[in-house]
Amino acid sequence: MQFGLSESQEFLKDSARKFFAGECPSSEMRRLMETDTAYDAVLWSKLTEQGYTGIIFPEEYGGVGLGKVELMLLMEESGRALLPGPFFSTVVLAGSVLDSVANPVHKMQYLAPICRGSARATVAILEANANWNLRDIQMSATDGKLTGEKLFVSDASVADFLLVVARNGVFAVHSKAHGLKISPMLGMDLTRKLYAVEFHDTPAEKIASGKELTRAFDIATASLAAELVGGMQRTLDITVEYAKTRKQFGKPIGMFQAVQHQCADMYLETESSRSAVYYAGWALEENAPDAATAVSIAKMYASDVARTVGNRGIQIHGGMGFTWENDVQLYYRRAKASETAFGDATFHRERIASMVIDSAGVSAKSA
Amino acid sequence: MDLNLTADELAFRDELRAWLASNVPKDWDEWREKPMEESFPYLRAWQRKLQEGRWAAASWPKEYGGRSATLMQQAIFWEEMARVEAPPMANSLGLGLIGPTIIAYGTEAQKKRYIPKILSAEEIWCQGFSEPNAGSDLAGLQTEARLDGDHYLVNGQKVWTSYGWVGDWCELVVRTDATAAKHKGLTVLLVDMRSPGVEVRPLRQMTGESEFNELFFRDVRVPAENILGKVNDGWNVAVSTLMYERGSYGARLHLIFKRYITRLIELARTTQRDGRPASEDPIIRQKLAQCAAEIEIMRFNQMRAFSRITATGVPGPEGSIQKIFWSELNQRLQQIAQEILGSFGQLMAGDARAIDNGLWSYAYLRTRGNTIEAGTSEVQRNIIGHFVLGLPRSY
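Taken in sequence, the protein lines are chains A and B.
Numbering follows this note's numbering, with no gaps: position 196 of the first sequence is 197.
Numbering follows this note's numbering, with no gaps: position 382 of the second sequence is 383.
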């Protein structure tokens, strides 16, 4: 058993970190978040050159064919850089949905352009009740057309196509399609823009009949948790650096246990989230029987502690932590958005409960 | 990253499983609840049996009677022992902490003298570290040893000594140079607990039982050859023992906690609350799920730590994360147990209505000690702050 990264995994993580530090430093991230879309075509082509847009997809569609652990590492590093724009929406979310439910023709049509870097995409899921339980979805396609409204659709304005989750299947909608109206929702996270998307008799191509999206959504959910780990790590690094240099009462504030112990807790929370995320990545890759539970454990834990890590980071910075110019607040905003996306901690605890408590008769014996 | 067991690990596990299947005692349940004074001969016999199969100290080097087991194999060992609900071994401190320290620091003569009897449970060991005025600040300890010819004369008091009542020998940390800086004047002595002047008293703890002892030393004569390591180098020797303490415990916790949560889920399904089983109460479900998740995360952290130690060869600060994590988790777990059991949660062993013969009321009280023993949570956070994050020393 080896729960450390392999050499090639270390290499991927390291090169991703260097790539984001070079191509998307804090100044660039801040420039992009102030734009309407947070999307930058030049940065996108560089992400493509790295192979990131096809990271987990089969080579026959132009992907790189790496595993879910590798995806977790990439998302951890992109989260650490607070990478703005539609990478998560396009690659992780739309890409995984296509990879798991589309037929080969549709994969060639929709997934291959994502891998090549020539298409941006997103998935429209939530409706007015904003419930992540897919049972509550009301929208339904009639005669190949969609009518209704989807909310909290990430990066919709730069998407070349949208995948729409409806009661009777998953549908692809072209961004220029008739009756499609995309308007911004002003979310807290400025690096990942949210939109309301209206459909009025909008032509939609059926990609899959059912809503068998559990696996794709589990990959997306674990990826969000991985991003949160990167964000927590960056918040911890910035905060510890500050605690070492900021002096009050003639001493670095990190010398005071009230401060130091909060930093220790940030470390414990970050490392524990990382363990949970890596395990989830491995379980997804191996199709382990506990993969879904592992994903919920990672998302549940990371959602809660990303908030507390942020709370502590801001508090330790004192007045500086409350300023616009401090990056910690930007990670804090992302953490809140990612906390609710794909189910918050409460949602995932109930999912864990349904898997652990409601089948306890079985696990009691195997424990 | 590959979480499947390797061929070596599988072979180790299968050999152990087969051995346990035919050797683990079937009557442990009859002994489990008895006071340790009564069950101790039973535990000695079990350890001897394990050692006949060369399993008592799998982590030790082969030449000293172990199997040179890797960390992963050690983890497998404790998991398998927990899986079959094997009894503990009588000489757990000797095997887990003190034996490895003697192997690392002892002379050939000392190894020859002490190691075989640790393995056979013929001589039980205890640890004389903490003092009434030296807990977290262990290096401030005051028990003194003065050289008097070829003997040391030991005077002082130790506290929180596990197995003190049955100990034949003690790994005792003493001050041999009162003028040196506090870490530099310490020495470790191997002390025969039957020496004149040694007095052992039970220490009654908040659970009502006496797991620990107080030790008193009055002009106890200890041969100078019983120094472990070098004179005034006792801090390093003691720290090495403490490292074994933090490293060895984590592996067996996962299954212990898993057993707790599994039982709690059963109890939640049979306890009625507002006309339905507690397991259907959304709040109870949330809390149980949180606990079940954290128990898994504890295991993931442990596996990552083992892999890192295996790769780098050094036990790092992971031990401090684990210590904080499991001790605080156990306290939350017991609180949830209390919430599920309601009024019955408080009933102690001996009350006919006590759930699981008072296991939960006992555990609720006992877990308060978890965040104190083997390094308080505060000390662990100091360790992370200073040694991991590089923050200035706070004390």
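For glycine and all other residues, C-beta sits at the position ideal for the given N, C-alpha and C.
For clarity, every value in this text was computed on a predicted model and none was experimentally measured.
Counting contacts by CB-CB distance shorter than 9 Å, is B/Met-2 in contact with chain A? In the second sequence, counting from the first residue as 1, residue 2 of chain B sits at position 1. Yes, its Cβ sits closer than 9 Å to a Cβ of chain A.
Output the distance between the C-alpha atoms of A/Leu-135 and A/Leu-94, rounded to the nearest integer angstrom. For the purposes of this step, residue 135 of chain A is taken as residue 134 along the first sequence, with counting starting at 1. For the purposes of this step, residue 94 of chain A is taken as residue 93 along the first sequence, with counting starting at 1. If you draw a straight line from the Cα of A/Leu-135 to the Cα of A/Leu-94, it comes to about 15 Å.
Count Cβ pairs between the stretch 224 to 237 of chain A and the stretch 192 to 210 of chain A that sit closer than 8 Å; are there 3 or more? Look at the beta carbons and you see the stretch 224 to 237 of chain A not touching the stretch 192 to 210 of chain A: under three pairs across the two are nearer than 8 Å.
From the DSSP output, in three-state form, read off A/Gly-80 for me. Residue numbering aside, residue 80 of chain A sits at position 79 when the first sequence is read from its first letter. Of the three classes helix, strand and coil, the one that applies to A/Gly-80 here is helix, per DSSP.
Please check if any C-beta of chain A sits within less than 9 Å of the C-beta of B/His-184. In the second sequence, the residue the question calls residue 184 of chain B occupies position 183. No, because no Cβ of chain A sits closer than 9 Å to the Cβ of B/His-184.
Is there a Cβ of chain A sitting closer than 9 Å to that of B/Asn-371, yes or no? The count along the second sequence starts at 1 and reaches residue 371 of chain B at position 370. B/Asn-371 has a beta carbon lying at 9 Å or more from every beta carbon in chain A.
Taking the C-alpha atoms as reference points, what is the distance between A/Met-1 and A/Ala-336? The first residue shown for chain A is 2 and the last is 368, placing residue 1 of chain A beyond what the model contains.
Touching by the beta-carbon criterion (3+ pairs, under 8 Å), the stretch 283 to 297 of chain B and the stretch 350 to 365 of chain B: Touching, no, given that fewer than three Cβ pairs across the two stretches are closer than 8 Å.
What does DSSP give as the partner residue(s) for B/Asp-3 in the beta ladder? Residue 3 of chain B sits at position 2 when you count from the first residue of the second sequence. A/Gln-3.
For B/Cys-127 and B/Gly-320, I'd like the C-alpha separation in whole angstroms. Position 126 of the second sequence, counted from the first residue, corresponds to residue 127 of chain B. Position 319 of the second sequence, counted from the first residue, corresponds to residue 320 of chain B. Cα-Cα distance, rounded: 22 Å.
Can you tell me whether DSSP reads B/Arg-33 as helix, strand or coil? Position 32 of the second sequence, counted from the start, is the residue given in the question as residue 33 of chain B. B/Arg-33: helix per DSSP, three-state reduction.
Within the continuous alpha helix (DSSP H) that includes A/Thr-236, where are the two ends? As a working note, residue 236 of chain A is residue 235 in the first sequence. Per DSSP, the unbroken alpha helix (DSSP H) holding A/Thr-236 starts and ends at 215 to 246.
Are there 16 or more other CB atoms within 10 angstroms of the CB of A/Asn-104, so buried, or fewer, so exposed? Here residue 104 of chain A corresponds to residue number 103 of the first sequence, with the count starting at 1. Classification of A/Asn-104: exposed, given that the 10 Å Cβ count is below 16.
Within its chain, find whatever has a CB closer than 6 Å to the CB of B/Thr-372; leave out the 5 residues flanking it on each side and keep chain order. The count along the second sequence starts at 1 and reaches residue 372 of chain B at position 371. So the qualifying residues of the chain are Ser-328 and Ser-378.
Please classify A/Asp-305 as buried or exposed, where buried requires at least 16 other C-beta atoms within 10 Å of its C-beta. To locate residue 305 of chain A, count along the first sequence from 1; it is residue 304. A/Asp-305 counts as buried, since at least 16 other C-beta atoms from the protein chains shown sit within 10 angstroms of its C-beta.
Please compile the residues from chain A whose C-beta is within a distance smaller than 8 Å of the C-beta of B/Gln-287. The residue you call residue 287 of chain B lines up with position 286 of the second sequence. Within chain A, the residues near B/Gln-287 are Thr-347, Arg-350, Glu-351 and Ala-354.
Is A/Ser-304 close to chain B, meaning its C-beta is less than 9 Å from at least one C-beta of that chain? On the first sequence, residue 304 of chain A is found 303 positions in, with the first residue counted as 1. So, not an interface residue.
Between A/Ala-39, A/Ser-46 and A/Val-70, which has its C-alpha nearest A/Tyr-280's C-alpha? Residue numbering aside, residue 280 of chain A sits at position 279 when the first sequence is read from its first letter. For A/Tyr-280, the nearest C-alpha among the options comes from A/Val-70.
Contact between the stretch 312 to 319 of chain A and the stretch 166 to 180 of chain A is defined here as three or more beta-carbon pairs at a separation below 8 Å; is this criterion met? Taking a cut-off of 8 Å on C-beta distances, the stretch 312 to 319 of chain A does not touch the stretch 166 to 180 of chain A, as fewer than three cross pairs fall below it.
A/Arg-81 and A/Arg-334: beta carbons closer than 9 Å? Within the first sequence, the letter at position 80 stands for residue 81 of chain A. Within the first sequence, the letter at position 333 stands for residue 334 of chain A. At the C-beta level, A/Arg-81 and A/Arg-334 stay beyond 9 Å of one another.
Near A/Ala-292, what residues of its chain come up, given a Cβ to Cβ distance below 6 Å and the 5 sequence neighbours on each side ignored? Start at 1 with the first residue of the first sequence, and residue 292 of chain A comes out as number 291. Ala-284 and Leu-285, listed in sequence order.
With the cut-off set at 9 Å, would you say A/Leu-33 and A/Phe-88 are in Cβ contact? Residue 33 of chain A sits at position 32 when you count from the first residue of the first sequence. Residue 88 of chain A sits at position 87 when you count from the first residue of the first sequence. Between A/Leu-33 and A/Phe-88, the C-beta gap is not smaller than 9 Å, which leaves the two residues out of contact.
Going by DSSP, what residue range makes up the alpha helix (DSSP H) through A/Ala-284? Here residue 284 of chain A corresponds to residue number 283 of the first sequence, with the count starting at 1. Where A/Ala-284 is concerned, the enclosing alpha helix (DSSP H) stretches over 258 to 286.
Among B/Met-37, B/Gln-273, B/Gly-157 and B/Arg-300, which residue has its Cα nearest to the Cα of A/Val-278? The residue labelled residue 278 of chain A in the question sits at position 277 within the first sequence. It is B/Arg-300.
Using a Cβ-Cβ distance under 9 Å, would B/Arg-382 count as near chain A? Sequence index remark: in the second sequence, residue 382 of chain B carries index 381 (1-based). Taking Cβ atoms only, chain A reaches closer than 9 Å to B/Arg-382, which makes this a yes.
Which runs of the alpha helix (DSSP H) fall wholly inside the stretch 134 to 208 of chain A and span at least 4 residues, in chain order? Under the rule that a run must span 4 or more residues, no alpha helix (DSSP H) segment is found entirely inside the stretch 134 to 208 of chain A.
For B/Ile-257, which residues in chain A fall below 9 Å Cβ to Cβ? As a first step, residue 257 of chain B is located in the second sequence; it is residue number 256 there, counting from the start. Neighbourhood of B/Ile-257 in chain A, by CB distance below 9 Å: empty, with the nearest CB roughly 11 Å away.
Residue closest to A/Thr-143, alpha-carbon to alpha-carbon, out of A/Asp-202, A/Gly-86, A/Pro-114 and A/Asp-156: As a first step, residue 143 of chain A is located in the first sequence; it is residue number 142 there, counting from the start. Taking only the C-alpha atoms, the option nearest A/Thr-143 is A/Asp-202.
Is it the case that the CB of A/Phe-218 approaches a heavy atom of the ligand FAD more closely than 8 Å? What this structure holds is no ligand at all, so the ligand FAD is not there to describe.
Please identify the residue among B/Ala-355, B/Tyr-261 and B/Pro-393 whose C-alpha is closest to the C-alpha of B/Gln-336. Mapped onto the second sequence, residue 336 of chain B falls at position 335. Measuring from the Cα of B/Gln-336, the nearest candidate turns out to be B/Tyr-261.
B/Asp-220 - containing beta strand (DSSP E), residue span: Start at 1 with the first residue of the second sequence, and residue 220 of chain B comes out as number 219. Segment 213 to 224, the beta strand (DSSP E) holding B/Asp-220.
Roughly how many angstroms separate the alpha carbons of A/Ala-259 and B/Ile-385, rounded to a whole number? What you label residue 259 of chain A is simply residue 258 of the first sequence in a count that begins at 1. What you label residue 385 of chain B is simply residue 384 of the second sequence in a count that begins at 1. Straight-line spacing of the CA atoms in A/Ala-259 and B/Ile-385 works out to 14 Å.
Among the candidates A/Ser-274, A/Met-140 and A/Ile-57, whose CA atom is the shortest distance from the CA of A/Val-166? To locate residue 166 of chain A, count along the first sequence from 1; it is residue 165. When C-alpha distances from A/Val-166 are compared across A/Ser-274, A/Met-140 and A/Ile-57, the shortest belongs to A/Met-140.
For B/Trp-170, which residues does DSSP report across the bridge? Along the second sequence, one-based indexing puts residue 170 of chain B at 169. B/Trp-170 is bridged to B/Trp-126 and B/Asp-193.
Which residues share a DSSP beta bridge with B/Gly-157? Locating residue 157 of chain B in the second sequence gives position 156, counting from the first residue. Note: B/Gly-157 sits in a beta bridge opposite B/Phe-218.
Inter-residue Cα distance where the pair is A/Thr-91 and A/Val-106: Position 90 of the first sequence, counting from 1, holds the residue named residue 91 of chain A. Position 105 of the first sequence, counting from 1, holds the residue named residue 106 of chain A. Roughly 19 Å between the two C-alpha positions.
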